[in-house]
Each structure stands twice: as C-alpha cells, then as structure tokens.
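Each remark here refers to the structure printed beneath this line.
Residue numbers (our numbering): 848 to 1476.
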C-alpha cells in the first residue's frame, strides 16, 4: 500500500538561487570586484543534490521503488529544452553576425546538447580562467554537463544504497565518503601554478558538491522536519544559517579563483557552508526561509537557469561590438544585465511556460496539425521564424570549420612561433655565456665598423639614438611576460642581444612565481628585470609580493602596464600597478597604456597584440625607458 507524503515548495530556495546566479553573473561582469562569484555554482550543485535526493526519498517512501525512466524524462525536460533554445539562437546569431566563432562549433554544439561539454572542453584545451583568449559563448555549459552526468548515475546509486545499507545514517556516511574521495581526487590532480580547468570542469573532481547536498537529504528530509521547535533551537538554526550566508557572501568578494587553497579543500569547505545554509533554509522551524522569500527573489530564482544560460552569449556577442569596454565598464555591465534579463524573461514567458504542460508524445501530431490550420492563424506566423532560425542554425553547423585559422590569425601564429624560437635561443645563449667567462679582446677595426653600422641601422629603425643602441647592445636584462611581450621578442632580441627574453601565451601572474625562481636558479634573472603580465587576469597583492620577493631589493624591476581595451580588468590592473610602484622602491611602471592608447594601427584586431608597427614602437618604449641617451 502506497504511503503518501506531504511535499512542500520551499520558497526560500529562490533566494538562495538568486544569490548563486548573481554571484556567477557578477564574477564575469565585474571580476575584479566579485572575485569569488564563481562559487555560486557550488550553491547550485548543493541545491540540485539536495532536491533530487529529497524527491527520490519521497518516491521511495511512497512506492518502495524508483521509476528510473520517469526520473530521466523529468530531468531531460528540465535541462534540455532551455539549453537547446539558447544553443540554437546563439548558433543562428553566430552564423549571421559573428562567423569568427564558427570555428569548432559542431563539437561545442553537440557536446552541449548531449551533456558531455565539460569533457569536450578539457579534451580541447579550453580554459575557464583565461578571459582574454578563451572567447566562446558556451564556456559555461560545462555546468549543465556535470549536472546531467550526475542525474544519469545518481538514481542508480540511490537504489543500490537503499537496498544495501537501508539505514539513512549509514547512507549519509557512505555518500559523504564518496564526496570526500572526489574532493581528495581534485587535490591530487591539481598542479599549483598551472591552469586548474581540468579539476574545475571534471565531473569526477566536482561531483562532491552535489553529493554533499544529496547526503543532507538522507538525514534532513524536507517532509519530516518539524515546524514547531523550541526557541533555543530556532535561535541556533537562525544563527548558523545567517553565519553560513554571511561567509558565502564574503567569499564571493574575497576568494579569488587563483587561490590554491580552493583545490586543496577550499571547495569542499565552501560546499559545507552551502549545505549548512540549505539545511536551515529548508527547515520550517527556522526563519531563514521566510527572510529569503520576497517577490524579487522569487522572480530571479524562477528564471535563474535562463539567466545562467544567457550570460555568456550576451557577454560575448555584445562585447564583440564594443571596442572600448574597459573605458566604461559600469555602463556596459548595466546594458549586459538588462539584455540577459530581457532574454531570460522572454524565454520564460514564451517558451518555458507553454512547454510545462506540453505532451511530448504528441509532438508529431502537433506538427502535422499545423499544416491543416488556416494561413491567417497565429500559429503560422509564429512557426515561420522558428523554421528560419533552425535552418540558419543547420547551415552554421554545416559550414563550421574545424581548427580553422584565418589569415590574420595565421600571421599572428607564425609571428608567435618565430618569437618562441628567438626567446628560447636568448635563454640558451645567456646560459652558455654564464658558463664561459672568457672575453674577447680582439680589436678588429672592420668588425667595429660593421658593428657601428648595425647600431646606426637599429637606431634609425626604432627611432632611438646610436648611443642608446650601443648601451642596449651591452646591457643584460631579463624580459619576462605573456603573449604581448612574446609578440615583441624578435625586436627585443635584436635590440638587446645579451638579454634574456622569456615570454609565453596565456601566462598568468599566479603561475609565474616558480618560473621566475627557475630563471633565478639558472642565473638568468639579471639585475634589471622587465615584466609584462596582467593581460590574462588580475593579480592579488600576495601574488605580486611573491614575485617581488624573488626579485629581492637589489634588482631593478620594471613592470609594463596593460593595453587591452576589450578587457574589462584593464583599469583595475593598471591602477594596481600604480599602487604597487608606490609600495616597492625598486619598482618602476613602463606606461605602455598611455603610449599606445591612441594608436590602434599598432595592433591586430583584438586591440592588444602588436603587429609589426606595434613591435617597433614597443621596442622603442623599452629602450627609452631603460636606457638614457
């Protein structure tokens, strides 16, 4: 005999969803202000794990079994239609207006709709943390893939656990052990100083956040919690809930994604806070559910999945049309939020709500019935744009190239490859010179005359004096930077032949400490060091301090500020560098921003990486900044 259990809608969870989705949105829109907003995903994971398991618990209680097919149908109906609409609309837009994003689109599209996009991105070397080079409107779809993969395996694990362990206390312990194993696996796979995308995206290294929510459901079922509890217990619950809420909000502002602590247990601790917050919100005896219930939170919470899905397409498409994003970040942020909310509302009203009661088994009958309707019926005008958009999407998927490189990108690629060889050779030459202390005293007039002629040519080429070129020829500097500096490696090596050039694509400040230490150990870190970092992501005070500690007080350090008008952190990074120059007496800022900001002709299309004209002026600025005539 089936035992019916009372189910209730927990309105306060909309407030928690609002906190989560706002954190994620502002992490991308204001990364220098909401450094830890990505932790909103951890909240989503915990909510998902709890609610799914709570519903499975109630079904098991009522029927003594789990209808797997029904479960999967419900989950697909919840995740797939919304995702499919955003993917189709975005693909159609790309096909019509932004064809540079067609590259590898088929892989992204089908991996997203088949829910393995996280592994596809890992396999293809995508980075969640490289905001400059990872231009994709579908970067965030990794989250839906992790959710769907858990939905696939969790009900089966649930049944096994219920049959084998039976007692919910034991099941709780077993699930928590599984969650802890996942968190430990994250710590094992994480490599400090390298891009953490693999452990951030991996289902195996992120499922602990979902399973911790699931574990809570076994010992804290929503339909067995008492509404009337002692005042002391209520005060305790409210206090614990508010504390966890406060700590989560605090982490949104201060816990940077570059912190190694996250991958060595930090995410696990954050998930504990999420679970504690959930436990209090779902308890009818506590006040937090009521405090987090209001019309605004209900509105945002009910549309949070749409908001999450639309965030990246809006940001990528909108910012591609804005060439001076960094000049007015706040204005563009407001516009982007408006567009995200508008698209979310339209999709909710005209897509999600009509589909809620749609019988998918009658899809073909509905399609056939459309052809029988009068030409002037409202369904036909609504249907024609749908067919057009689907057609454009199909065309886009058909013509989408794989690993395509256009002429501009090919030129940059060739320049980078050539400069990599030059940079590597500069290190090799400098290392050989440190082991060979023999100096030549040959006074060859012909050689000296040739040298003077070369100096004169370089002076004319780069617009500097013969005296500066001569001093640069003898100088021993260390240039260390990212892809912008790599683009200038040929010119730097030509002007400073006795110096070391060490630059690489997507180099981050947080990954540079060990690299600089190795240069120091290899005696390649000279007394004057020029650093060009910050384009790919901001840095923390501690990361900067770690680099300056390696430099020591005896070295003169020059740091080139940032020129990237399409990157919203440009102003933040440059302001931080100005502040650091006041803190460290041996630090000087080379103002590449002011020097180049009015010269778009020096750059490739992205406005950041230098073309041949830009290289000439970049090297001239280095000479003028480092060598007095």
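The C-beta atom is built at its ideal place from N, Cα and C for all residues, glycine as well.
Q. Using 8 Å as the Cβ pair cut-off and three pairs as the minimum, do the stretch 960 to 968 and the stretch 993 to 1004 touch?
A. yes
- Task: Report the three-state DSSP secondary structure of residue 1350 (helix, strand or coil).
- Result: strand
- Could you spell out the range, first to last residue, of the beta strand (DSSP E) harbouring residue 882? Where residue 882 is concerned, there is no enclosing beta strand (DSSP E), given that its DSSP letter is neither H nor E.
According to DSSP, what are the bridge partners of residue 1324?
1375
Please state whether the Cβ-Cβ distance between residue 1240 and residue 986 is less than 8 Å. no
Could you give the first and the last residue of the continuous beta strand (DSSP E) run that contains residue 1407? 1403 to 1407
Who are the near neighbours of residue 1119 in its chain, counting only those whose CB is closer than 8 Å to its CB and skipping five residues on each side? 1059
- Query: For residue 890, does the three-state DSSP call read helix, strand or coil?
  - Reply: helix
| message | Let me make sure I understand the geometry here. Which of 1080, 1113 and 1359 has the alpha-carbon closest to that of residue 1385? | response | 1359
**Item:** Per DSSP, the bridge partner or partners of residue 1436
**Value:** 1406
Can you grab the Cα-Cα spacing for the pair residue 1098 / residue 1087, in whole Å? 16 Å
* Asked: Is residue 941 helix, strand or coil by DSSP?
  -> helix
**Request:** Note down, one range per segment and in chain order, each alpha helix (DSSP H) of at least 4 residues found wholly within the stretch 1087 to 1136.
**Result:** 1113 to 1129
Checklist entry - For the stretch 1420 to 1427 against the stretch 1363 to 1377, are there 3 or more C-beta pairs whose distance is under 8 Å? => result no
**Request:** Assign residue 911 to one of two classes, buried (16 or more other C-beta atoms within 10 Å of its C-beta) or exposed (fewer than that).
**Result:** exposed
Practice prompt. Give the DSSP-derived three-state secondary structure of residue 857 in the structure shown.
Written response: coil
Counting beta carbon pairs with one atom in the stretch 1409 to 1416 and one in the stretch 1449 to 1467, are three or more of them shorter than 8 Å?
yes
Evaluate residue 886 with the Cβ neighbour count: other Cβ atoms within 10 Å of its Cβ, from every protein chain shown; 16 or more gives buried, anything less gives exposed.
buried
Taking 6 Å as the limit between beta carbons, can you name the residues of its chain near residue 1286, skipping five residues before and five after?
Because residue 1286 carries a pLDDT of 49, less than 50, the predicted location of this residue cannot be relied on, and the following value inherits that uncertainty. Contacts found: none.
Exercise. Mind reading off the beta-carbon distance from residue 1265 to residue 1337? Whole number of angstroms is fine, and I expect it under 8 Å.
Key: 7 Å
Are the Cβ atoms of residue 1418 and residue 1378 separated by less than 8 Å? no
CB of residue 1056 within 8 Å of CB of residue 860, strictly:
no
Practice task
Quick one: grab the DSSP three-state call for residue 1450.
Solution key: strand
Legend entry - residue 929 beta carbon less than 8 Å from that of residue 1138: no
Per-residue DSSP class, three states only, for residue 1529:
Because the chain is modelled from 848 through 1476, residue 1529 falls outside the range shown and cannot be assessed.
So which of 1309, 864, 1074 and 1157 has the shortest CA-CA distance to residue 1194? 1157
**Asked** Can you round the beta-carbon distance between residue 1100 and residue 862 to whole angstroms, since I take them to be within the 8 Å contact cut?
**Response** Wrong, their Cβ atoms sit about 19 Å apart, outside the cutoff.
Item checked: Own chain, CB closer than 6 Å to residue 1469, minus 5 neighbours either side, in chain order -> none
(request) Return the bridge partner residues of residue 1457 from the DSSP annotation. (result) 1450
* Asked: Considering only residues of the stretch 1020 to 1086, which uninterrupted beta strand (DSSP E) runs meet the minimum length of 3 residues and lie entirely inside it, listed in chain order?
  -> none
If you draw a straight line from the C-alpha of residue 1351 to the C-alpha of residue 1326, how long is it?
11 Å
Quick one: Cα of residue 903 to Cα of residue 1068, how far? 11 Å
Worksheet entry | Inter-stretch contact (C-beta, 8 Å, three-pair minimum) for the stretch 886 to 895 and the stretch 1107 to 1121 | yes
query: If you draw a straight line from the alpha carbon of residue 1016 to that of residue 874, how long is it in whole angstroms?
result: 37 Å
Mind reading off the beta-carbon distance from residue 1320 to residue 1270? Whole number of angstroms is fine, and I expect it under 8 Å. About 18 Å separates the two Cβ atoms, so there is no contact after all.
- [ ] Tell whether a beta-carbon distance below 8 Å holds between residue 1406 and residue 1444.
- [x] no
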